[in-house]
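J.: First, the structure itself, so that you have it in front of you.
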Amino acid sequence: MTEPVVPTPALPATPAEAVTRLDQLKSDPKWRDGFLAGGPAQVREFQDLHEIAAKADDVGAAMAGVLPEMSSSDLRAMVGTASLLKDAGFTPLSIQETLEGRPASQAEIDMATKWKADHMSNPDWVKRLMSGDVEAKRHLLVANVILSSPLKTEQA
Numbered sequence: 175m176t177e178p179v180v181p182t183p184a185l186p187a188t189p190a191e192a193v194t195r196l197d198q199l200k201s202d203p204k205w206r207d208g209f210l211a212g213g214p215a216q217v218r219e220f221q222d223l224h225e226i227a228a229k230a231d232d233v234g235a236a237m238a239g240v241l242p243e244m245s246s247s248d249l250r251a252m253v254g255t256a257s258l259l260k261d262a263g264f265t266p267l268s269i270q271e272t273l274e275g276r277p278a279s280q281a282e283i284d285m286a287t288k289w290k291a292d293h294m295s296n297p298d299w300v301k302r303l304m305s306g307d308v309e310a311k312r313h314l315l316v317a318n319v320i321l322s323s324p325l326k327t328e329q330a
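The numbering of the sequence shown is my numbering, which starts it at 175 and goes up by one.
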């Protein structure tokens, strides 16, 4: 008896959709095992999705982890930043806004400044941070992203 043929889903229309699909496939153990075993359908889908993802602008390419052969150091830094933020639990939208240099309002900067000062002066929280607490590291990273963002210019 032959195995039923499972239709391959239609390819995404945008680079962002291709990135999302790649992420889904990488977390699917059955697909991943097939890809690592050189399964032709998985390899073809992987190549097709990377081709679509590579058509993205620098931010989209960085979020996809796709580097052209001749990539700039800025793009390489963006790929590393995107990976770091993703591993820290940032949402795709917050990663995109960070890479695009989304400006922060003065109120956001003031809140992040106060939050960071309060927490960095709290010995219990610093101990958690230094012991590798994932949530403490993520919260500090969020504050640092806000504090390193350009200031939003207020329109009159």
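Virtual Cβ for every residue (Gly too), placed ideally from N, Cα, C.
May I ask you to report which of helix, strand or coil DSSP gives L185?
T.: Correct three-state label for L185: coil.
J.: Helix, strand or coil for A190, going by three-state DSSP, please let me know.
T.: Helix, per DSSP.
J.: Thinking just about the alpha-carbon of each residue, which of T287, M285, M237 and Q216 is nearest to the one in T272?
T.: If we check each option's Cα against that of T272, M237 comes out closest.
J.: When the Cα atoms are used, what is the spatial distance from D292 to A251?
T.: Approximately 30 Å between the Cα atoms of the pair.
J.: Can you give, in chain order, each stretch of the alpha helix (DSSP H) that sits fully within the region 193-250 and has at least 4 residues?
T.: Those alpha helix (DSSP H) runs which fall completely within the region 193-250 and span 4+ residues are 203-210, 214-228 and 232-238.
J.: Just checking, does the region 309-329 make contact with the region 284-299 on the three C-beta pairs under 8 Å criterion?
T.: In short, these stretches touch, since the Cβ pair count reaches three.
J.: What residue does the alpha helix (DSSP H) around R302 start on, and which one ends it?
T.: Run containing R302: P297 to M304, per the alpha helix (DSSP H) assignment.
J.: My assumption, with CB atoms under 8 Å, is that S150 sits in contact with R276. Please give the rounded CB distance.
T.: Outside the modelled stretch of the chain, which goes from 175 to 330, sits residue 150, for which no answer is possible.
J.: Go ahead and label A184 buried or exposed: buried means 16 or more other beta carbons lie within 10 angstroms of its beta carbon, across all protein chains shown.
T.: So A184 ends up on the exposed side.
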